[in-house]
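Trainee:
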Amino acid sequence: MTIEEQMKLNLYSELRRIYQMLEEELTQLNPGCNRCGACCNFSTFDHVLYASSVEVNLITSNVEVPVFNVSDNICPFLKENQCSIRTFRTLGCRVFYCNPNYKDVLYTIYENYYQMIKDLSRKYTIQWKYLPFLKQLAEFKSEQLLLVGKPNSSPV
Ligand code: SF4
Ligand code: SF4
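Just so you know, we're using my numbering here: the sequence shown kicks off at 7 and counts up by one.
1. Who are residue 138's beta bridge partners in DSSP?
2. In chain order, what are the residue ranges of uninterrupted alpha helix (DSSP H) at least 4 long that sit wholly in the stretch 74-154?
3. Is the beta carbon of residue 21 less than 8 Å from the beta carbon of residue 123?
4. Going by the beta-carbon positions, is the gap between residue 96 and residue 61 smaller than 8 Å?
5. Terminal residues of the continuous alpha helix (DSSP H) containing residue 70?
6. Flag residue 40 as yes when its Cβ comes closer than 7 Å to any non-hydrogen atom of ligand 2, and as no otherwise.
7. Can you tell me which residues form a DSSP beta bridge with residue 47?
8. Looking at chain B, is there any beta carbon in it that lies within less than 8 Å of the beta carbon of residue 129?
9. Spatial neighbours of residue 46 within its chain, please: CB distance less than 6 Å, with the 5 preceding and 5 following residues excluded, ordered by chain position.
10. Taking the continuous alpha helix (DSSP H) assigned at residue 27, which residues delimit it?
11. If we count Cβ pairs, one from each stretch, closer than 8 Å, do we get three or more for the stretch 36-43 versus the stretch 97-117?
12. Taking 5 Å as the limit, tell me which residues put their C-beta closer than that to any heavy atom of ligand 1, in chain order.
13. Under 8 Å, with one C-beta from each stretch per pair, do the stretch 71-78 and the stretch 125-135 reach the 3-pair mark?
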């Protein structure tokens with residue numbers, strides 16, 4: 007295994023550990039979600055999902071991204087109103103709940119985990135980009151980007 011491959015494995019393993027901690031915290035909080043999938047149709051829900059490059063990299067390295075149109079403003083991983091990539095879904099996917107009673111506490115949790123993921127990017131000296139999810143996903147898909155171990159990538 008090359009150093010680059012080992013770094014990538016370590017990075018993904020740390021990111022998944024962060025997601026696991028988050029899931030444990032959210033389970034305790036239990037804001038309630040019936041998994042109707044409505045919030046993954048961003049236009050009808052009037053929602054913009056942001057994601058970091060490292061999270062999008064985890065997705066594109068593990069699953070095939072279906073052909074999609076950014077302008078449709080629907081997540082391409084939404085299949086029959088269900089997320090088809092739950093294991094790899096982003097921080098924003100995990101922390102979003104439509105229950106307004108939890109807005110403030112979820113915002114605090116989001117900020118906390120956002121910082122952890124940003125620190126992870128710094129640790130592995132990979133480029134940090136934080137953009138609307140669909141835009142970033144389309145870029146990764148078209149350029150087949152793999153950020154880990156690129157010699158000229160720099161943390162921001
Ligand atoms: S990745 Fe899954 S949870 Fe996130 S927006 Fe897409 S379908 Fe929804
Ligand atoms: S957060 Fe709300 S809109 Fe989104 S899947 Fe859960 S219940 Fe549906």
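Even for Gly, the Cβ is constructed at its ideal location relative to N, Cα and C.
Mentor: With the structure as the only source:
1. Taking the sequence shown and counting its residues from 1, one reaches residue 138 at position 132. DSSP, once it has assigned bridges, lists 56 as partnering residue 138.
2. Counting only runs of 4 or more residues that sit fully inside the stretch 74-154, the alpha helix (DSSP H) segments are 97-101, 109-129 and 139-149, in chain order.
3. For the purposes of this step, residue 21 is taken as residue 15 along the sequence shown, with counting starting at 1. For the purposes of this step, residue 123 is taken as residue 117 along the sequence shown, with counting starting at 1. Yes, the Cβ-Cβ distance between residue 21 and residue 123 is below 8 Å.
4. Here the question's residue 96 lines up with position 90 in the sequence shown. Here the question's residue 61 lines up with position 55 in the sequence shown. A contact, by the Cβ cut-off of 8 Å.
5. For the purposes of this step, residue 70 is identified with residue 64 of the sequence shown, where counting begins at 1. Careful: residue 70 lies outside any alpha helix (DSSP H) and carries neither H nor E.
6. If you number the sequence shown from 1, residue 40 lands on position 34. Yes; taking the cut-off as 7 Å, the Cβ of residue 40 has a heavy atom of ligand 2 nearer than that.
7. Position 41 of the sequence shown, counted from the first residue, corresponds to residue 47. Bridge partners of residue 47: 80.
8. Absent from the structure: chain B. Only one protein chain is present.
9. Residue numbering aside, residue 46 sits at position 40 when the sequence shown is read from its first letter. Taken in chain order, the residues that qualify are 81 and 84.
10. The residue labelled residue 27 in the question sits at position 21 within the sequence shown. Run containing residue 27: 9-35, per the alpha helix (DSSP H) assignment.
11. Three or more beta-carbon pairs separated by less than 8 Å link the stretch 36-43 to the stretch 97-117, which places the two stretches in contact.
12. One residue list follows from the rule of a beta carbon closer than 5 Å to any heavy atom of ligand 1, given in chain order as 46, 81, 83, 84, 89, 95 and 99.
13. no
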